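*Asks:* At position 321 of the sequence shown the residue is numbered 336 (our numbering), and the sequence of numbers has no breaks.
We treat Cβ as the ideally placed atom computed from N, Cα and C, and that holds for glycine.
Since this is a predicted model, take the numbers as computed values, not measurements.
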Amino acid sequence: MAPRPASRPMRSLVALGVILIGLLVWAFFPGTDHSIKLGLDLQGGTQVILIPKPVQEGAQITDEQLQQTVTILRQRVDSLGVAEAEVTTQGTGSGAAVVVSVPGASPDRLVDLVSKTALLDFRPVYSVLPPTATVSTGAVKGTKPVQAAQPDAAFQTQALALDCTNPASYAGGTPDDPAKWLATCDKTGVTKFVLQPAFIKGTNVTSATAALQQQGVGWIVNLGFDSEGANALAEASTTLAKLPDCSVGGASPCNAFAIVLDGVVSSAPRFNEPILGGTAQIEGNFNAESANDLANILKYGALPVTLEAVDITSVSATVGGDQLRAGIIAGILGLALVMLYLLFYYRALGVVAILSLALAAVIVYLTLLVMSKSIGLTLTLAGVAGAIVAVGITADSFIVYFERIRDEIRDGRSLRQACESGWIRARRTLLAADFISILAAVVLYMLSVGSVRGFAFVLGLTTAIDILVAFLFTYPVTVLLGRNSWMQRGSKLTGLGQSSIEKRGPLGVSETLASQRRKAKESTEEVSL
16 MAPRPASRPM RSLVALGVIL IGLLVWAFFP GTDHSIKLGL DLQGGTQVIL IPKPVQEGAQ
76 ITDEQLQQTV TILRQRVDSL GVAEAEVTTQ GTGSGAAVVV SVPGASPDRL VDLVSKTALL
136 DFRPVYSVLP PTATVSTGAV KGTKPVQAAQ PDAAFQTQAL ALDCTNPASY AGGTPDDPAK
196 WLATCDKTGV TKFVLQPAFI KGTNVTSATA ALQQQGVGWI VNLGFDSEGA NALAEASTTL
256 AKLPDCSVGG ASPCNAFAIV LDGVVSSAPR FNEPILGGTA QIEGNFNAES ANDLANILKY
316 GALPVTLEAV DITSVSATVG GDQLRAGIIA GILGLALVML YLLFYYRALG VVAILSLALA
376 AVIVYLTLLV MSKSIGLTLT LAGVAGAIVA VGITADSFIV YFERIRDEIR DGRSLRQACE
436 SGWIRARRTL LAADFISILA AVVLYMLSVG SVRGFAFVLG LTTAIDILVA FLFTYPVTVL
496 LGRNSWMQRG SKLTGLGQSS IEKRGPLGVS ETLASQRRKA KESTEEVSL
């Protein structure tokens, strides 16, 4: 039975053209970066060594706490929009160190992001005081607090002695006990706060996102709470909204509540009315970067230990640049050899294969550029290796299809029919082989970390692009060639001449069609006897 008439290959080519135009516009849109982000081994970056300390003085640091710390730090670092970051531990227990390496990141921003413990709580403001230290005890005294009894004399003395003009007082990084009173500063050192025990803990926060204010001026961080936190917020806001506004030097409880992060007041908004929806906002002098950083810190949870940065190093990419050049040269040589072989053996069909390889390379580059701009994809040496390995996978696709075409011609079909029926038989093999490669890449990506994930991601991406090119370019172009009268005449330059068809495969031995038929006839006669 003759195969179905050829499908419409021009539709596939038009669809491919639309995809290419979309990638080009996205990749080279005016006003955006037109380069692929490179990994730590290729462009350098920042490496920070952190020494963990227990939250409670005298406690021991466990390996479980270290692993939890590494997981949270990796999530925070990935939120910077970069991939291929490395977060590792050196040593165990109290003598361990955590090493964070991030390509292209600002040292100050990286240290600020990874060193915060992110212990968060919400506290009613009992009193707002001048930032300087004072010996007067009357400033803290007032009417009955909202949450707890009057603070004791020792706490009052400590609160009044706190000097917020000293940068060490508002540096943060020291977790507080949410069940106790707290005297602390705001993050700029301008104001001193006396705060009651917390009514919401950071563990009650379920979501944190950065957003522009409704007026479009300034950034805020929106918080969502679980049912326990929402109930506590509703109860506290109902009580605090009835109190007077805070003022510096006031002694009475007021309608403000402080959002305390690592022992320092991040923001102190007022309750003008009860909040019953289970959400809140952190306002401050945020820009897009600082608001997103705070949201990501809160989103991924508090560290089980405190971290002290003891060494900050800028990593050079000199060695990586040499390796990248060597890798690119190796890839170009390998690609050139594959192209020469395809051209020598398949002639005109080899030209189709070369164009397919070139198109696949362009799509891979544009896709990496788009992903680098949109999701922060970072290319490392391991990723380059994954792209080079994929060249062989792509070349295999062409060989399978072209050999199927030759098999169909051996079976007596015309070139036009062979291009169609050969594709029907070849695509199953292509999809099966590529599916195995993609599955292996997915498993490797999920089970690995660091540069190995980069290799797996690029390998899977290039394999998927191989399927796209095979279906939308190689197959329709071959079908169009199969309709050409010059190709149908079967000259040597077509790759489908008599001498080529007589071969069993790219590495096979020449065998005439007559010899094949004679052996088949002899086998049939032997069976009949």
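(1) Just how far apart, CA to CA, sit Gln-83 and Arg-89?
(2) Tell me the DSSP secondary structure of Ser-27 in three-state form.
(3) Alpha helix (DSSP H) containing Asn-307: first to last residue?
(4) For Trp-501, count neighbouring Cβ atoms within 10 angstroms of its own Cβ and tell me buried if that reaches 16, exposed if not.
(5) What's the C-alpha gap between Ala-471 and Ala-456?
(6) Using CA coordinates, which residue listed in Thr-254, Ile-439, Leu-459 is at the minimum distance from Glu-418?
(7) Look at the Cβ atom of Ala-251, then the Cβ atom of Pro-166, and state whether they are nearer than 8 Å.
(8) For Arg-340, count neighbouring Cβ atoms within 10 angstroms of its own Cβ and tell me buried if that reaches 16, exposed if not.
(9) Name the DSSP bridge partner or partners of Pro-118?
(10) Contact between the stretch 369-381 and the stretch 422-431: three or more CB pairs below 8 Å?
(11) Who are the Cβ neighbours of Pro-593 in its own chain at under 8 Å, not counting the five residues just before and after it?
(12) Just mark Gln-80 as buried or exposed, buried being the case when its beta carbon has 16 or more other beta carbons within 10 Å.
(13) For the stretch 444-458 against the stretch 348-361, are there 3 or more C-beta pairs whose distance is under 8 Å?
(14) Given a cut-off of 8 Å on the beta-carbon distance, is the pair Gly-469 and Thr-382 in contact?
(15) Out of curiosity, what's the CA-to-CA distance linking Gly-398 and Leu-57?
(16) Rounded to whole angstroms, what is the Cα-Cα separation between Val-406 and Leu-372?
(17) Looking at the unbroken beta strand (DSSP E) that takes in Val-280, where does it start and where does it end?
(18) Give the secondary structure of Gly-346 by DSSP, where H, G and I count as helix, E and B as strand, and everything else as coil.
(19) Cβ of Asp-201 within 8 Å of Cβ of Val-275?
(20) In chain order, what residues of the same chain lie with their CB nearer than 6 Å to the CB of Val-102, ignoring the 5 residues before and after it?
(21) Give the list of continuous beta strand (DSSP E) stretches no shorter than 3 residues that lie fully inside the stretch 193-222.
(22) Any beta carbon of chain B sitting closer than 8 Å to that of Ala-376?
(23) Would you mind stating whether Val-205 and Pro-146 have Cβ atoms separated by less than 8 Å?
(24) Measuring CA to CA, which of Ala-402, Cys-269, Asp-411 is closest to Gly-475?
(25) Any chance the stretch 303-322 sits against the stretch 219-227, with 3 or more Cβ pairs inside 8 Å?
(26) Thinking just about the alpha-carbon of each residue, which of Arg-23, Leu-31, Met-25 is nearest to the one in Ile-482?
(27) Under DSSP, the alpha helix (DSSP H) around Phe-272 begins and ends at which residues?
(28) Return the CA-CA distance between Tyr-460 and Gly-59, expressed in angstroms with no decimal places.
(29) Roughly how many angstroms separate the alpha carbons of Gly-497 and Gln-338, rounded to a whole number?
(30) Three-state secondary structure (DSSP) at Asp-422?
(31) Do you know offhand how far Thr-321's Cα is from Ala-169's?
(32) With a threshold of 6 Å on Cβ separation, who are the neighbours of Leu-291 within its own chain once the five nearest residues in sequence on each side are excluded?
(33) In this structure, how does DSSP classify Lys-507 when only helix, strand and coil are distinguished?
(34) For Phe-301, is the classification buried or exposed, using 16 other Cβ atoms within 10 angstroms of its Cβ as the cut-off for buried?
(35) What do you get for Asn-219, buried or exposed, if any count of 16 or more other CB atoms within 10 angstroms of its CB means buried?
*Replies:* Based on what the coordinates show:
(1) Taking the first residue of the sequence shown as position 1, residue 83 is located at position 68. Taking the first residue of the sequence shown as position 1, residue 89 is located at position 74. The alpha-carbon atoms of Gln-83 and Arg-89 are separated by roughly 10 Å.
(2) Residue mapping note: residue 27 aligns to position 12 of the sequence shown, counting from 1. Looking at Ser-27 - three-state DSSP - the assignment turns out to be helix.
(3) In the sequence shown, the residue the question calls residue 307 occupies position 292. It spans 303-314 - the alpha helix (DSSP H) in which Asn-307 sits, taken as one unbroken run.
(4) One-based indexing of the sequence shown puts residue 501 at position 486. So Trp-501 counts as exposed.
(5) Here residue 471 refers to the residue found at position 456 when the sequence shown is read from its first residue. Here residue 456 refers to the residue found at position 441 when the sequence shown is read from its first residue. Each residue's alpha carbon lies about 5 Å from the other.
(6) Along the sequence shown, read from residue 1 onward, the residue named residue 418 stands at position 403. Ranking Thr-254, Ile-439, Leu-459 by Cα distance to Glu-418 puts Ile-439 first.
(7) Numbered from its first residue, the sequence shown carries residue 251 at position 236. Numbered from its first residue, the sequence shown carries residue 166 at position 151. No, Cβ-Cβ distance for Ala-251 and Pro-166 is not below 8 Å.
(8) Here residue 340 is taken as the residue at index 325 of the sequence shown, counted from 1. Result: exposed.
(9) Numbered from its first residue, the sequence shown carries residue 118 at position 103. The partner list for Pro-118 (beta bridge, DSSP) reads Gly-60.
(10) no
(11) Outside the shown range of the chain, which is 16 to 544, sits residue 593, and nothing can be said about it.
(12) Here residue 80 refers to the residue found at position 65 when the sequence shown is read from its first residue. Answer is buried; the Cβ neighbour count reaches 16.
(13) no
(14) On the sequence shown, residue 469 is found 454 positions in, with the first residue counted as 1. On the sequence shown, residue 382 is found 367 positions in, with the first residue counted as 1. Going by C-beta atoms, Gly-469 is not nearer than 8 Å to Thr-382.
(15) As a position in the sequence shown, residue 398 is number 383, starting the count at 1. As a position in the sequence shown, residue 57 is number 42, starting the count at 1. If I take the Cα positions, the gap works out to 11 Å.
(16) Working through the sequence shown from its first residue, we reach residue 406 at position 391. Working through the sequence shown from its first residue, we reach residue 372 at position 357. The alpha-carbon atoms of Val-406 and Leu-372 are separated by roughly 8 Å.
(17) Reading the sequence shown from its first residue, position 265 is the one you call residue 280. From DSSP, the beta strand (DSSP E) with Val-280 extends over 279-282.
(18) Locating residue 346 in the sequence shown gives position 331, where the first residue counts as 1. If DSSP states are grouped into helix, strand and coil, Gly-346 belongs with the helices.
(19) Position 186 of the sequence shown, counted from the first residue, corresponds to residue 201. Position 260 of the sequence shown, counted from the first residue, corresponds to residue 275. Their beta carbons are not under 8 Å apart, which means Asp-201 does not touch Val-275 by this criterion.
(20) Stepping through the sequence shown from its first residue, residue 102 is reached at position 87. Here the set comprises Val-85, Leu-88, Arg-89, Val-115.
(21) 197-200, 207-210
(22) Structure shown: chain B not included; a single protein chain is present.
(23) Here residue 205 corresponds to residue number 190 of the sequence shown, with the count starting at 1. Here residue 146 corresponds to residue number 131 of the sequence shown, with the count starting at 1. Result yes, Cβ atoms of Val-205 and Pro-146 sit closer than 8 Å.
(24) Position 460 of the sequence shown, counting from 1, holds the residue named residue 475. Comparing Cα-Cα distances from Gly-475 to each of Ala-402, Cys-269, Asp-411, the minimum goes to Ala-402.
(25) yes
(26) Along the sequence shown, one-based indexing puts residue 482 at 467. Of the candidates Arg-23, Leu-31, Met-25, the one whose C-alpha sits nearest the C-alpha of Ile-482 is Leu-31.
(27) Position 257 of the sequence shown, counting from 1, holds the residue named residue 272. Looking at the DSSP string, Phe-272 is not in any alpha helix (DSSP H); the run it does join, the beta strand (DSSP E), is 272-276.
(28) Within the sequence shown, residue 460 is the residue found at index 445, counting from 1. Within the sequence shown, residue 59 is the residue found at index 44, counting from 1. Whole-angstrom Cα-Cα distance: 23 Å.
(29) Counting from one through the sequence shown, the residue named residue 497 turns up at place 482. Counting from one through the sequence shown, the residue named residue 338 turns up at place 323. Roughly 44 Å separates the two Cα atoms.
(30) What you label residue 422 is simply residue 407 of the sequence shown in a count that begins at 1. Looking at Asp-422 - three-state DSSP - the assignment turns out to be helix.
(31) Along the sequence shown, one-based indexing puts residue 321 at 306. Along the sequence shown, one-based indexing puts residue 169 at 154. C-alpha separation (whole angstroms): 26 Å.
(32) In the sequence shown, the residue the question calls residue 291 occupies position 276. Here the set comprises Ala-249.
(33) Locating residue 507 in the sequence shown gives position 492, counting from the first residue. Helix at Lys-507.
(34) By one-based count along the sequence shown, residue 301 stands at place 286. Classification for Phe-301: buried.
(35) Taking the first residue of the sequence shown as position 1, residue 219 is located at position 204. With 16 or more Cβ atoms within 10 Å of its Cβ, Asn-219 is classed as buried.
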